[in-house]
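Residue numbering for the sequence shown follows the numbering used here, starting at 646 and increasing by one per position.
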Amino acid sequence: MFYVNKEKCIACKQCINDCPTKIISLKDGKASIDGDPCLKCGHCLAICPVEAVATDDYDMSEVMPYNEETFYIDPEHLLNFIRFRRSVRRFKQQEVSKEQIAKIIQAGRYTQTGTNSQDVSYIVVQNKLGKLRDLIFESLKKKGDSILANMTPETEFLRTYAHMWLNMYDAYKADPAVNDGVFFHAPVVIFVLSPSQLNGGLASSNMELMVDALGLGTFFSGFSMVAIQDNQAILDLLGVKDQKQLVSCLVVGHPDVTYKRTTPRKQVDINWL
């Protein structure tokens, strides 16, 4: 629960004004948190100027005071950082450290979630990456065969993908050490799970930024997500009971490519009202 140290409280009302559920009020000249429906968002803790608010629900040692020197990011630098990011599909034969993986997941952990649900979880695949790769190739081949055998005008747009998956499968079987068109020899795959596509997607985006900040490379593997659909063998390998919770698949490694510049984009589409 979140609670107020009455001796420290100066009744500035900052926590009262900032509480999204309005459950904080002054009682006997001190702030008092009245419980439900507390979201445990921590706004009261973060805004208090005298550190009078604390909680025993989370680890208070993780709380950091704001420091402009280490917290501020120049907006132009941030925009350029986003502009320069690229999906990487060429990786070195080099391991990603556990410390780097932990920072990537921390970026997801600290991402905002609706009603502070904190309902995002992660699966890190390293040791079973070979088995996962085999299962994904088999699944994509099966899906490709099925698409071509049951082609309709409505599924015509999938023809290109079907042929691509079959060609990828054949190349992989011919030389697995060279032709990895699924993970491109990256050493780590991270799955992001959440019952909320929005929460999982937001976490995934921040994780990608951290990957780039660490000097690593990543891409979101849409083919892996397609392969997992209705594939019990892959779900069992990952230990996933509800495939609807799978939001994204980040393939992570040390990039074996260096980009020299940003790329252009379509003109922005904005409807000003």
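Backbone N, C-alpha and C fix where the C-beta goes; we use that ideal spot for every residue, glycine too. Values in this document were obtained by computation on a predicted structure and should not be read as measured data.
Alpha carbon of residue i to alpha carbon of residue j, nearest angstrom
| i | j | result |
| --- | --- | --- |
| H830 | P900 | 11 angstroms |
| S859 | F836 | Inspection of the sequence shows that residue 859 is occupied by Leu rather than by Ser. Cα to Cα, the separation comes out at about 19 angstroms. |
| A873 | T700 | The residue asked about is misnamed: residue 873 is Ile in this sequence, not Ala. Answer to the nearest angstrom: the Cα atoms are 40 angstroms apart. |
| P821 | L774 | 13 angstroms |
| Q771 | K737 | 15 angstroms |
| L861 | S742 | 11 angstroms |
| V765 | R754 | 7 angstroms |
| Q659 | L847 | 28 angstroms |
| M855 | I749 | 6 angstroms |
| R735 | N916 | 38 angstroms |
| Q877 | S839 | 19 angstroms |
| K672 | Y648 | 13 angstroms |
| I678 | E721 | 40 angstroms |
| M705 | K675 | 22 angstroms |
| F716 | K911 | 32 angstroms |
Candidates the options: closest to residue i by CA position
| i | options | result |
| --- | --- | --- |
| Y817 | K667, P909, I781 | I781 |
| N824 | N876, Y814, P832 | Y814 |
| I727 | S850, C683, P665, N812 | S850 |
| G680 | I669, S866, E714 | I669 |
| D663 | C654, M646, K653, C686 | C686 |
| G826 | L811, P840, L838, S839 | L811 |
| S841 | M852, Q890, F864 | Q890 |
| Y767 | D704, R731, P832, C894 | C894 |
| I746 | T903, M852, P909 | M852 |
| L793 | S784, T805, E783 | T805 |
| T756 | P832, N844, V885 | N844 |
Which of helix, strand or coil DSSP assigns to residue i
| i | result |
| --- | --- |
| G860 | coil |
| C689 | helix |
| F828 | coil |
| C683 | coil |
| C660 | helix |
| L671 | strand |
| A699 | strand |
| S850 | helix |
| V649 | strand |
| A822 | coil |
| P909 | coil |
| S706 | helix |
| P694 | coil |
| P720 | helix |
| K889 | helix |
| L918 | coil |
Residue(s) in a DSSP beta bridge with residue i
| i | result |
| --- | --- |
| V733 | According to DSSP, V733 bridges with nothing at all. |
| C894 | F836 |
| I727 | Beta-bridge pairing links I727 to no other residue. |
| S677 | S670 |
| F865 | L895 |
| P900 | F736 |
Heavy atom of the ligand SAM within 8 angstroms of residue i beta-carbon
| i | result |
| --- | --- |
| L895 | With respect to the ligand SAM, the structure offers nothing, as it holds no ligand at all. |
Start-end ranges of the alpha helix (DSSP H) lying completely within the region 753 to 804, minimum 4 residues: Scanning the region 753 to 804 for uninterrupted alpha helix (DSSP H) segments of 4 residues or longer gives 774 to 794, listed from N- to C-terminal end.
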